[in-house]
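The next block holds one structure in the form of structure tokens; read it before the comments.
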Amino acid sequence: MTKITRRQALTTAAAAPLAAAMPGISMASAEMKGASMPPKFFRFQLGSFEVTTLLGGTQTRDNAQSIFGTNVTEDEFAEVSRANFIPADKAQFFFTPMLVNTGSELVLFDTGLSPEPLAAALEAAGYGTDMVDKVVITHMHGDHIGGLMSGDDATFANAGHVSGAAENNYWASAENEGYEAKIRPLAERFSFIDPGASVASGITAVEAYGHTPGHMGYMWKATASR
Ligand SMILES: [Zn+2]
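Residue numbers (my numbering): 2 to 227.
Given below as structure tokens:
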């Protein structure tokens with residue numbers, strides 16, 4: 002067995018940078034490729050379901066504090082932002098609808114800001130808009146209902162549509178532009194449900210009122226495997 006002395010070890014280490022600088026020994030000089038775009042989808046297994054999150058668009062919004070920090074001073078907001086390596090004056094929004102394959106149905110939760118990026122993300126993940134069996138809307142803000150209509154047509158032509166009854170009742174009488182453009186034309190396709198209703202096998206609507214008057218969450222409950 003060769004014994005390496007401390008002096009030999011130091012000599013070897015010192016020689017390494019010299020070798021790297023010698024002609025004929027390649028230094029990495031590959032082209033810069035620029036920052037990558039976020040992936041369009043991400044898929045994972047949840048019990049017997051397959052879940053695909055879809056990037057239905059991203060947008061930079063100004064005045065981050067008016068959205069996320071109304072309960073603190075400007076100085077504190079700036080300090081916390083700096084400590085977390087994020088800008089204090091801007092916020093980057095990512096709209097991420099979710100597709101669940103229950104094994105018997107493709108169920109889409111929310112639709113992002115507009116149909117095009119969502120359709121592109123679906124396609125990247127291996128699906129067409131015509132394959133979606135059911136569209137479930139958590140609440141009727143523009144970044145959730147924006148992908149429902151493509152021009153004058155339903156984006157998800159073969160899908161039944163579901164949302165909360167309390168949510169629909171609120172927006173239906175609110176004279177809201179988004180509702181009139183995206184939900185009203187699809188009224189005949191929609192069924193409006195109450196908390197506790199099942200939207201697909203194993204998925205139950207849960208009351209989550211607050212963000213909007215009829216906001217609904219959807220809970221997946223594992224069934225015992227045999
Ligand atoms: Zn919202």
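The beta-carbon is built from N, C-alpha and C at its ideal position, and this holds for glycine as well. Note that the structure is predicted; figures quoted are calculated from it, not measured.
Using a Cβ distance threshold of 8 angstroms, residue 209 and residue 218 count as a contacting pair. Going by DSSP, residue 81 is part of the alpha helix (DSSP H) stretching over 75 to 84.
At a Cβ-Cβ threshold of 8 angstroms, residue 165 and residue 215 count as neighbours. Between residue 150 and residue 182 a beta carbon distance of about 7 angstroms is seen, short of the 8 angstroms cut, so the two are scored as contacting. The three-state secondary structure of residue 72, taken from DSSP, is coil.
A distance filter of 6 angstroms between CB atoms and the heavy atoms of ligand 1 selects the following residues in sequence order: 140, 142, 212. Contact annotation: residue 155 and residue 107 have beta-carbon atoms that are not nearer than 8 angstroms. Counted as a single uninterrupted DSSP element, the alpha helix (DSSP H) harbouring residue 169 occupies residues 166 to 173. According to the DSSP assignment, residue 144 belongs to the alpha helix (DSSP H) that extends over 143 to 146. For the pair residue 28 and residue 35, the Cα-to-Cα distance works out to about 20 angstroms.
Separation of the CB atoms of residue 112 and residue 145 is rounded to 7 angstroms, and the pair is thereby assigned contact status at 8 angstroms.
If the five residues before and after residue 191 are omitted, its C-beta is found closer than 6 angstroms to the C-beta atoms of 162, all from its own chain and listed in chain order.
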